[in-house]
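S.K.: Under our numbering, think of the first position of the sequence shown as 1, with each following residue one higher. Pasting a structure below so you can have a look.
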Amino acid sequence: YGSGRIRIFEEQAFKIDPAWKLPDQAGAKEKISQQIINDKNFRYQWLKDNGLLTKTPSAPAGQMVSGSEILTYQKNQWQFKDSAGEIWTFNKAGQLVGMSIPGSGEWQISSKDNRPVTLKKKDRTYVIAYDSNNLVSKIEFKKTKLAYQFQKGFLQESTDSNGQKYTYAYSSLNQLESIKGPKTHFSFDYQAHTGRIFKAVENGANANYSYDVKIFSDSEVSTTTIKDGKGEHKVEYTYKTGENGRYLAKLREIHGTQVTETQFNFNRQPTKILAPGSTQDISYDANGRILEIRRGEEVTSKVVRDNQSGKITEIRDRNQLRKFSYTSQGKISAVALSDGTILSFTYNPDGFIQTADLKDLNGLSEGLLTPVYKGQTVTDVLIDGKRPVNSNDKLRAVRFYQVINEATALPKY
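This is how it looks when you write it as structure tokens:
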């Protein structure tokens, strides 16, 4: 809570509806796609906005489309791609086994009873548990202290990265009434006729909320005004209607003379960010993948892709150039950095990193990193075949992960 904004989750790695259930029938594409259609909790508002997926004469074999959403069957897998470029992959039985999110990268997923139980990306692993009613009961972020506990679908307790715990209480109408932490206490009052917050209290300091909506010929502007001891803070939401339905086109935050504005395209992707003293422009290709980031007239990041495969071949970040090579299975085999460093990977039969090797500009290896897995979870890391025990080896392991994360990261805006 600050400047009228309430942040409950410290890190939003993915969005998940506690009642969401994956399709659990195998069979023809009509059965699986219809089950996805019938699941009203499935991803985004587009199911409601765009209606059912329907076969079209122009669609490739095994493909069904609705607007910009595409469901494709190939290699015994379903790939569901939405207009924002997100790709969700299901196996033949309808279990979610992977997803790719622009700006977030590719996730590997394992399921049990047709529910995702682990989500993994590089060295980050999230574990999900369910209660007897098949609702999410707990989410843990491995190798961190982050954790969230739910009861009947409602967040009851969270633990932040420092190990601090917060508890959540709700009204009989299932509205969040309070958040209590070691040093903080928030409480909320709601308008009876709208269900919106009209007053929030942080450790005794009041913040009062008011709302305004204006309708124009081509847009709708909704304004939330927050008044507290620090002054007045406004948040303006401008909505428009595009080919995929209603979308947030602009978000403005006004705090005194400070104004920050973010503009979005109809795929819900930011295209321009204006902040005091800086302007950033972000462009995308036809598939919603980031192409270029400009800060004023300067190109700060540029992504080059292979015309055939769509794989990234180069990323230019100001003074840094990264060149990518791939295996025949489409996984990154090497990243060459502009300082002459080369980071190379091998993979085990399950498709997980088996080794990572870092060589300097003279071709000398700085060490071989080998992750140790239990299922899909990294339980240990070896340096040159040994567990790091002294501070020097531990620092090498940390540097390895830092290099891997930086070398394979998409541009950030």
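We put the CB at the ideal spot given by N, CA and C, even for glycine.
Considering only residues of the same chain and omitting the five flanking positions on each side of Gln-402, which have a CB-CB separation below 7 angstroms?
M.R.: There are no such residues.
S.K.: Would Thr-194 and Ser-210 be called neighbours here (beta carbons separated by less than 7 angstroms)?
M.R.: Their beta carbons are not under 7 angstroms apart, which means Thr-194 does not touch Ser-210 by this criterion.
S.K.: For Gly-163 versus Lys-152, is the C-beta distance shorter than 7 angstroms?
M.R.: The answer is no: Cβ separation not under 7 angstroms.
S.K.: Candidates Thr-167, Leu-248 and Leu-321: which alpha carbon is nearest Val-235's?
M.R.: Taking only the C-alpha atoms, the option nearest Val-235 is Leu-248.
S.K.: Report the option in Leu-173, Tyr-148 and Phe-154 whose CA atom is closest to the CA atom of Tyr-166.
M.R.: If we check each option's Cα against that of Tyr-166, Tyr-148 comes out closest.
S.K.: If you follow the alpha helix (DSSP H) that Gln-402 is in, where does it begin and where does it stop?
M.R.: From DSSP, the alpha helix (DSSP H) with Gln-402 extends over 391 to 408.
S.K.: Taking three-plus beta-carbon pairs below 8 angstroms as touching, is the stretch 313 to 330 in contact with the stretch 292 to 305?
M.R.: Yes: the two stretches touch, three or more of their Cβ pairs being nearer than 8 angstroms.
S.K.: Should Leu-358 go down as buried or exposed, given a rule of 16 or more other Cβ atoms within 10 Å for buried?
M.R.: Burial call: buried.
S.K.: May I ask you to report which of helix, strand or coil DSSP gives Tyr-247?
M.R.: Strand at Tyr-247.
S.K.: Out of Val-299, Gln-77 and Lys-81, which has the shortest C-alpha to C-alpha gap to Gln-95?
M.R.: Looking at the Cα atoms, Gln-77 is the closest of the given residues.
S.K.: Going by DSSP, what residue range makes up the beta strand (DSSP E) through Thr-238?
M.R.: Residues 231 to 242.
S.K.: Measuring only the C-alpha atoms, how far is Arg-196 from Gln-79?
M.R.: Going from the Cα of Arg-196 to the Cα of Gln-79 covers about 38 angstroms.
S.K.: For Pro-349, which of Gly-340, Val-335 and Tyr-373 has the nearest alpha-carbon?
M.R.: Selected option, being the one with the closest Cα: Tyr-373.
S.K.: Let's test the definition: count the other Cβ atoms within 10 Å of the Cβ of Leu-361 and tell me whether it reaches 16, buried, or not, exposed.
M.R.: Exposed, by the Cβ-count rule.
S.K.: Between which two residues does the beta strand (DSSP E) carrying Asp-228 extend?
M.R.: Counting along the chain, the beta strand (DSSP E) containing Asp-228 begins and ends at 220 to 228.
S.K.: Leaving aside the five residues before and after Gly-296 along the sequence, list all residues of the same chain whose C-beta is less than 8 angstroms from its C-beta, in chain order.
M.R.: Ser-278 and Thr-279, listed in sequence order.
S.K.: Residue range of the beta strand (DSSP E) that Glu-314 falls in?
M.R.: Where Glu-314 is concerned, the enclosing beta strand (DSSP E) stretches over 312 to 317.
S.K.: Take Ala-334 and list the residues in its own chain whose beta-carbon comes closer than 8 angstroms to its own, dropping the five residues that flank it on each side.
M.R.: For Ala-334, where only same-chain residues beyond five positions count, the Cβ hits under 8 angstroms are Phe-324, Ser-325, Ile-342, Leu-343, Ser-344 and Phe-345.
S.K.: Got a sec? Which residues, its chain only, sit under 7 angstroms from Asp-339 by beta carbon, not counting five neighbours each side?
M.R.: Here the set comprises Leu-361.
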